[in-house]
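To start, the structure under review is shown below, and the notes come after it.
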Amino acid sequence: MKGGFVMQDYSFVWNQYDMIRGMFLEGLSKTSEQEAEIVPAGFKNNIHWNIGHILLTQDYLLFGPAEMKCPPSYAALFSPGTKPADWQGDVPSIEELAAQLKEQHARVKEQLQTKLNDPLPKPFQLGDKGVMNTYGEMMVFTLFHEGMHIGTISALRKAIAHSNA
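Heads up, the sequence shown is in the numbering used here, so the first residue is 42 and it goes up one at a time.
Laid out in structure tokens, this is it:
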């Protein structure tokens with residue numbers, strides 16, 4: 042303990058990030074471009090959109106618009122409310138997105154490793170659900186968000202398999 046400040050060990054957050062992103066990337070490695078483009082009945086998005094959405098959302102939530110590494114064109118492709126039916130121009134392949142997800146994983150860990158207790162530049166209000174004040178709170182939320190979309194991708198795979206049966 043230095044001057045009343047206790048250094049906390051947040052390795053569990055980084056272990057979870059490694060595990061969740063690892064599971065996601067492993068699933069991507071088993072996804073064909075063809076499968077990734079199918080929008081099954083009952084869905085408005087495909088696997089491809091979900092991949093880009095996870096990348097864009099984590100970049101935006103952790104780094105803000107000024108520090109994001111995603112190309113500006115990604116907002117029109119992968120923001121909430123967008124869908125592949127409206128895509129125009131160049132759309133990155135799932136391989137490109139997977140490479141960017143790997144790069145993002147390393148960058149997030151490098152830049153935020155010691156900042157989980159630090160306040161965000163401004164608190165982030167998640168509608169009427171709550172507010173996130175620190176990088177740690179936002180990091181944990183992005184892991185939940187990624188897991189939610191991994192679940193959506195699983196549902197998409199099942200719907201695709203069912204429609205091909």
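In this text, a Cβ means the ideal position worked out from N, Cα and C, and glycines have one as well.
Just the Cα atoms here: how many angstroms apart are residue i and residue j?
| i | j | result |
| --- | --- | --- |
| leucine 157 | threonine 98 | 18 Å |
| glutamine 154 | phenylalanine 185 | 19 Å |
| aspartate 159 | serine 52 | 16 Å |
| proline 121 | tyrosine 101 | 12 Å |
| serine 195 | proline 162 | 35 Å |
| glutamate 74 | valine 149 | 27 Å |
| isoleucine 191 | proline 164 | 26 Å |
| leucine 197 | glycine 177 | 30 Å |
| glutamine 145 | leucine 96 | 8 Å |
| glutamate 151 | tryptophan 55 | 11 Å |
| glutamate 67 | asparagine 205 | 23 Å |
| isoleucine 135 | leucine 118 | 13 Å |
| alanine 200 | alanine 82 | 8 Å |
| isoleucine 79 | aspartate 50 | 43 Å |
| methionine 109 | glutamine 166 | 19 Å |
| alanine 202 | lysine 71 | 14 Å |
Who pairs with residue i in a beta bridge, going by DSSP?
| i | result |
| --- | --- |
| glutamine 166 | Val172 |
Please report the Cβ distance between residue i and residue j, rounded to the nearest whole angstrom; I am assuming they are in contact, meaning their Cβ atoms lie under 8 Å.
| i | j | result |
| --- | --- | --- |
| methionine 173 | phenylalanine 182 | 6 Å |
Below 8 Å, can you find three or more Cβ-Cβ pairs linking the segment 63–82 to the segment 100–114? Under the Cβ criterion (8 Å, minimum of three pairs), the segment 63–82 does not count as touching the segment 100–114.
Check whether the segment 139–155 touches the segment 86–96, taking contact to mean three or more Cβ pairs, one atom from each stretch, closer than 8 Å. yes
I want to know whether the segment 117–131 touches the segment 77–91 - three or more CB-CB distances under 8 Å. yes
Contained alpha helix (DSSP H) runs [length at least 4] in the segment 45–71, N- to C-terminal order: 52–70
Uninterrupted alpha helix (DSSP H) stretches inside the segment 62–145 (no shorter than 4 residues): 74–78, 88–108, 115–119
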